[in-house]
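To start, the structure under review is shown below, and the notes come after it.
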Amino acid sequence: MTTLKVKTDSKKYEIHLGHGLVDKISLKSLVGKKEVLLLIDNKVPKPFVKKVENNIKKSSAARIKLLTVNASEKNKNFLYISRIYDFLIKNNFSRDSLIIGIGGGITCDITGFVGSTFLRGIDFLLIPTTLLSQVDASIGGKTGVNHKGFKNMIGTFNQPRKVIIDTSCLKTLPKLEILCGLMEIIKHGVIADSGFFKWIEKNLNQILTLKPQYIQKAVKRSIEIKADVVTKDEKELGLRAILNFGHTFGHALETIGENKLYTHGEAVALGMLAACKLSEISDDFSEKSSERISSLIKKTGINVKLKKKINNKKLIKLMHSDKKSNQGRLKFILLEKIGTAKIKVINNNQVIEKAIKNSLFY
Ligand SMILES: NC(=O)c1ccc[n+]([C@@H]2O[C@H](COP(=O)([O-])OP(=O)(O)OC[C@H]3O[C@@H](n4cnc5c(N)ncnc54)[C@H](O)[C@@H]3O)[C@@H](O)[C@H]2O)c1
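Quick look at the structure:
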């Protein structure tokens, strides 16, 4: 087992990482005599959930209740989560309770949001079960729900008590979901660690086929990079924005596709290609490095073809309406070189349009 310590302004906590960890790790001291709610994504295989449940039963928990979540963006809203509040109230859950979220990013976000708001905040622990949630959604303390079609519009910054990452649960994930997580892993290498990027290039097949030693290294280094950024800027006042590399374009593409046409991973892949091109055009990022990134993304097998004709001007307008756009100024994450990213405001729409045209229309 590997343990990573996260120290933010608001909380210190540990992330434990290992293959087959959920039935080995002791949760006794964390669970104590608490009332425990297991919030479970209904696609997580039952044997995995049983292992977590059996583990908690070894502690002195006052009681353990289970509630399943049907994870979808459509359900990630107040109406759906109000049934979780109802359940907690009906079962007399007190402040001395612990919610354990077992599932992908949607379940992690919901768990964190309910944990942040029920009785003004109770403890929560995350057991992420998708690659994306292991390297991204469970790390950093952002929680949220969608509101009237706007993604993650309502939420909190609130760190969990602990994160337990068991890479053995990834084997039941569809390939597309593996690719979604892999795009975030590649992003972490691109923005912060050229050595890690090179390692991904060399070991792509082993990572894609989830060879334990390789997937664990990929997840561990990814978490270290994200946790390091979050430690320096928990509430995204500055540096944390670099984690949005490729996401400014990506979110706009997701919106154009009404969140159905592209998976998040595909949108981020296309977004990273556009961000590389923009780095080339508006800064001195080398064409050779840009080509390396684009070649790695394509080698993963993810779709990087536009599925619908896009209108550049509409795409830029959508980028302006992203909640991360700042007083009408479009902020982009650009690359100086592989492993070094910076935040830059670009006001010249022609430059942005050129980057989109030269990267996505081929
Ligand atoms: N809080 C953050 O910092 C942060 C960061 C990135 C993404 N997110 C959020 O995370 C969400 C995306 O996360 P995601 O990609 O994990 O999506 P998800 O939670 O929808 O999970 C993807 C699919 O995999 C299924 N699944 C989960 N675990 C499985 C397993 N072990 N085997 C088989 N199937 C399994 C789910 O039921 C779902 O159908 C988005 O809502 C996004 O906003 C949050």
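To convert, note that position 260 of the sequence shown is 262 in the working numbering; the numbers rise steadily by one, no gaps.
All C-beta atoms in this analysis are idealised placements derived from N, C-alpha and C, irrespective of residue type, glycine included.
Since the model is a prediction, treat every value here as computed from it, not as a measurement.
Cut-off 8 Å between Cβ atoms - residues of its own chain near residue i, not counting five sequence neighbours on either side
i	result
residue 116	41, 83, 86, 87, 90, 101 and 126
residue 286	338
residue 244	193, 194, 231, 335, 343, 344 and 345
residue 283	353, 356, 357 and 360
residue 340	191, 192, 196, 199, 291, 294 and 295
Close beta carbons around residue i, own chain, < 7 Å, minus the five adjacent residues each side
i	result
residue 132	106, 107, 175, 179 and 183
residue 265	178 and 182
residue 44	70, 71 and 72
residue 93	67
residue 226	6
residue 191	198, 199 and 202
residue 157	115, 144, 145, 146 and 147
residue 205	216
Cβ separation of residue i and residue j, assumed to be a contact under 8 Å, to the nearest whole Å
i	j	result
residue 348	residue 332	6 Å
residue 275	residue 299	7 Å
residue 268	residue 314	19 Å between Cβ atoms; not a contact.
residue 324	residue 253	5 Å
residue 233	residue 9	6 Å
residue 271	residue 251	In fact, because the Cβ distance is near 10 Å, the residues do not count as touching under 8 Å.
residue 259	residue 309	7 Å
residue 163	residue 32	6 Å
residue 120	residue 144	Going by Cβ atoms, the distance from residue 120 to residue 144 rounds to 18 Å, so no, they are not a contact pair.
residue 297	residue 161	The Cβ separation is near 37 Å, so there is no contact.
residue 261	residue 75	6 Å
residue 141	residue 228	5 Å
residue 78	residue 25	About 29 Å separates the two Cβ atoms, so there is no contact after all.
Residue i CB to nearest heavy atom of ligand 1 below 6 Å
i	result
residue 226	no
residue 138	yes
residue 105	yes
residue 134	yes
residue 254	no
residue 189	no
residue 171	yes
residue 25	no
residue 46	yes
residue 182	yes
residue 144	yes
residue 230	no
residue 43	yes
residue 233	no
residue 179	yes
residue 77	no
residue 357	no
residue 108	yes
residue 111	yes
residue 154	yes
residue 175	yes
residue 64	no
residue 269	no
residue 73	yes
residue 131	yes
Own chain partners of residue i with C-beta closer than 6 Å, once the 5 adjacent residues on each side are dropped
i	result
residue 281	287, 336 and 337
residue 351	318
residue 279	357, 360 and 361
residue 5	16 and 18
residue 242	231 and 235
residue 14	none
residue 129	104 and 166
residue 66	38 and 58
residue 220	187 and 209
residue 46	104, 105 and 131
residue 62	35
residue 224	137, 187 and 190
residue 320	254 and 257
Residue i beta carbon near ligand 2 (any heavy atom closer than 6 Å)
i	result
residue 116	As for ligand 2, it is missing from this structure, which binds only ligand 1.
Flag this pair as touching only if the segment 166-176 and the segment 4-23 have three or more C-beta atom pairs under 8 Å; answer yes or no.
Taking a contact to require three or more Cβ pairs closer than 8 Å, the segment 166-176 and the segment 4-23 qualify as touching.
Inter-stretch contact at 8 Å, needing at least 3 Cβ pairs: the segment 145-153 / the segment 183-193:
Flag = no, the segment 145-153 and the segment 183-193 do not touch.
Is the segment 200-215 close to the segment 226-238, with three or more CB pairs under 8 Å?
No, because fewer than three Cβ pairs between the segment 200-215 and the segment 226-238 fall closer than 8 Å, the two stretches do not touch.
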